[in-house]
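*Asks:* Take the sequence shown: its letter number 52 is residue 52 in UniProt numbering, and every next letter is one higher. The C-beta atom is built at its ideal place from N, Cα and C for all residues, glycine as well.
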Amino acid sequence: MPRVQAGDVQLGWREWGGGDVTVVFIHGNLASKDWIELAAPLFPTGLRVIGIDWRGCGDSDRPKADVGYSNYSMRQHAEDMLAALDALDIKFCHLATHSTGGIIAARMLLMQPMRFGRVFALDPVTPLGMLFNAEQIGLFRAMMASKELTRAVMATAASSLFVPDSLAPNMVPQFRDGLGEIRALFERILEQTFGVSEGIWIGTPVNLTRERESGELERRMPEIRHPHLVVWG
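Given below as structure tokens:
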């Protein structure tokens, strides 16, 4: 996969289509640019869609986390994305986001508001951030140490791919029949998830908690005037 220099890191990226309207996909936590791959055949003609991996994810560099995970903050991810857009010579675009990509996009919109048009946000983490307690962060540590646990948790995020009864506690998730290439894509995404850096596993919940506690983005929400389509489910 190609990579682009973004400040002090190289980020993986992919491109679908060659239209005149550019949409940049900002993925969620424990994810990658490839999460939009299933939707790619359904993109309208006229779009150029670019997915970019966060630092620590997918095909991007995995810098060692600073004390306190400051180099994996939401602001840092936003700065990385803006630097990648500079390197790719994308002067104006729309955004498509998933989950934690939503709060990263909010920081991007505040940093360079004239660079962006509309935003499609799927199940977004809002500018309010999120609170994670020690037990919840402990689950991320347990996932980081166990591919089996990671698989079980990730299966619940794509429950339509699995036999419902196999998603019960203490069961091994089993694919339903007839998935074809979708099954292979899930396995590839699972490998990417298990391979993210500690700055992602632990730094993301730590930094989302800081966003919630600081209230900075909440106070600045009125500055974000870009049209948003928010979809839940």
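(1) Take every Cβ of the stretch 14–28, pair it with every Cβ of the stretch 89–107, and state whether three or more of those distances are shorter than 8 Å.
(2) To the nearest angstrom, how far is the alpha carbon of Ser70 from that of Asp80?
(3) Let me know the alpha helix (DSSP H) ranges lying completely inside the stretch 146–201, each 4 residues or longer, listed in chain order.
(4) Just to confirm the assignment, what range does the alpha helix (DSSP H) spanning Arg118 have?
(5) Would you tell me roughly how many angstroms separate the C-alpha atoms of Ala106 and Gly56, rounded to the nearest one?
(6) Would you tell me roughly how many angstroms separate the C-alpha atoms of Ser146 and Gly28, rounded to the nearest one?
(7) Tell whether a beta-carbon distance below 8 Å holds between Gly58 and Ser32.
(8) Sorted by chain position, which residues of the same chain lie with C-beta nearer than 7 Å to Glu43's C-beta, five sequence neighbours on each side aside?
(9) According to DSSP, what are the bridge partners of Thr97?
(10) Have a look at Asn133, Ala184, Glu223 and Phe140 and flag the residue whose alpha-carbon is nearest the alpha-carbon of Thr209.
*Replies:* In brief:
(1) With a cut-off of 8 Å, the stretch 89–107 and the stretch 14–28 count as touching, because enough Cβ pairs lie within range.
(2) Cα atoms of Ser70 and Asp80: separation of roughly 13 Å, rounded to the nearest angstrom.
(3) Whole alpha helix (DSSP H) segments, 4+ residues: 147–157, 181–194 and 198–201.
(4) Element bounds for Arg118: not the alpha helix (DSSP H) but the beta strand (DSSP E), Phe116 to Leu122.
(5) Ala106 and Gly56 have their C-alpha atoms some 20 Å from each other.
(6) Taking the straight line joining both Cα atoms gives about 20 Å.
(7) Result yes, Cβ atoms of Gly58 and Ser32 sit closer than 8 Å.
(8) The question names Glu, but residue 43 is Phe in the sequence shown. In the same chain as Phe43, and ignoring 5 residues on each side of it, the C-beta atoms closer than 7 Å to its own belong to Trp16, Gly17 and Val49, in chain order.
(9) Its beta-bridge partners are Ile26 and Ala121.
(10) Out of Asn133, Ala184, Glu223 and Phe140, Asn133 has the C-alpha closest to the C-alpha of Thr209.
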